[in-house]
Amino acid sequence: MSVNRLQQLKGHILPQNKITAMAGSASPLTTHVLNTATGVPGANMTLSLHRQDPLTSAWSLITTGITNADGRCPGLITTQMFTSGVYRLHFDTAQYWQSMEETCFYPYVEIVFTINDPGKKHHVPLLLSRFSYSTYRGS
Amino acid sequence: MMESCTLTTHVMNSVDGVPAARVALSLHRLEPPLMVWSLLSLGTTDEDGRCSGLAAREELGPGTYKLRFETGSYWESRGQTSLHPYVEVVFSISDHHQRIHLPLLMTRFSYSIYTGS
């Protein structure tokens, strides 16, 4: 049997993989919170995504969410809504540490970023400890 | 009388491995009860990427503060684009803080903040 035919059959008999893949790629913008102090994903952290109006500079809320056990939050935005512009991801970091009975130097973290190529996927991770954090353009 | 807290920062360009000079920045405080940001001071980093006098005229008592770095303008002045138009760091000063050093390490597509000594 040819490789192509095998791949076609695999597509037929494992439909849940396709659905999972579609769901995973539903949001062109993703995030991932990592607790660098303990070396685990930052789970159960509330966050929100906002977009800035280019004319008024006012921020509007797109979605709120909470990270899952893997520190991720699927479904941040749809492909249709993800247009060029300035966005902001807000992470409730102090609340997160408080739930573990710790303080945090940063009451919240806001990462503001510019999207010029909304056709591409954008990954905005947050690596966080009680006294430091970092972010980068991921893939 | 409460002792004042000193605040210093240091901005580093991690791409070129040099201090980030001439980065404009501003310090703000969240003012109760309305919870609006008030501007405390403006500054620009020197050739060594440092900015002194951020809190020279103000006592930094306990509260919530924001340090804003005009990083987008910095990269623009070098003829480059960047992912983040600016960086704002919101932090809490508590009673026992005497000296806060908040360095910023950045590239065109990333940044990291930590509080050190």
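As given, the protein sequences belong to chains A and B, one line each in that order. Sequential numbering from 1 applies to the first sequence in my numbering. Sequential numbering from 1001 applies to the second sequence in my numbering. Each residue gets a CB set at the ideal place from its N, CA and C atoms; glycine is no exception. Predicted model only: the values in this text are computed from it and were never measured.
Buried is the label assigned to residue 1082(B), since at least 16 other Cβ atoms lie within 10 Å of its Cβ.
With a cutoff of 8 Å on beta-carbon distance, residue 1066(B) and residue 1089(B) are scored as near each other.
Distance check between residue 110(A) and each of 1084(B), 1094(B), 1116(B) and 1101(B) places 1084(B) closest, using alpha-carbon atoms only. Taking CB atoms only, residue 1088(B) has a neighbour in chain A less than 8 Å away. When 7 Å is used as the limit between beta carbons, residue 102(A) is near no residue of chain B, the shortest such separation being about 13 Å. In this structure, residue 1020(B) keeps its C-beta atom at 8 Å or more from the C-beta atom of residue 1044(B). With respect to the 8 Å criterion, residue 67(A) and residue 33(A) are classified as neighbours on the basis of their beta carbons.
Each residue's CA atom was taken as its position, placing residue 65(A) and residue 108(A) some 15 Å apart. The beta-carbon of residue 1038(B) is placed no less than 8 Å from the nearest beta-carbon of chain A. With its beta carbon less than 8 Å from one in chain A, residue 1085(B) belongs to the interface. The closest CA to that of residue 1018(B), considering only 1041(B), 1034(B) and 1046(B), is found on 1046(B). Annotation for residue 52(A): the continuous beta strand (DSSP E) segment containing it runs 46-52.
Within chain B, no residue has its beta carbon less than 8 Å from that of residue 28(A); the closest one is some 15 Å off.
Between the alpha carbons of residue 117(A) and residue 1087(B) lies a gap of roughly 21 Å. With respect to chain A, the C-beta atom of residue 1014(B) has no partner C-beta closer than 8 Å.
Residue environment analysis places residue 122(A) among the buried positions, since at least 16 neighbouring C-beta atoms fall within 10 angstroms of its C-beta.
In the DSSP assignment, the residues bridged to residue 1064(B) are 1092(B).
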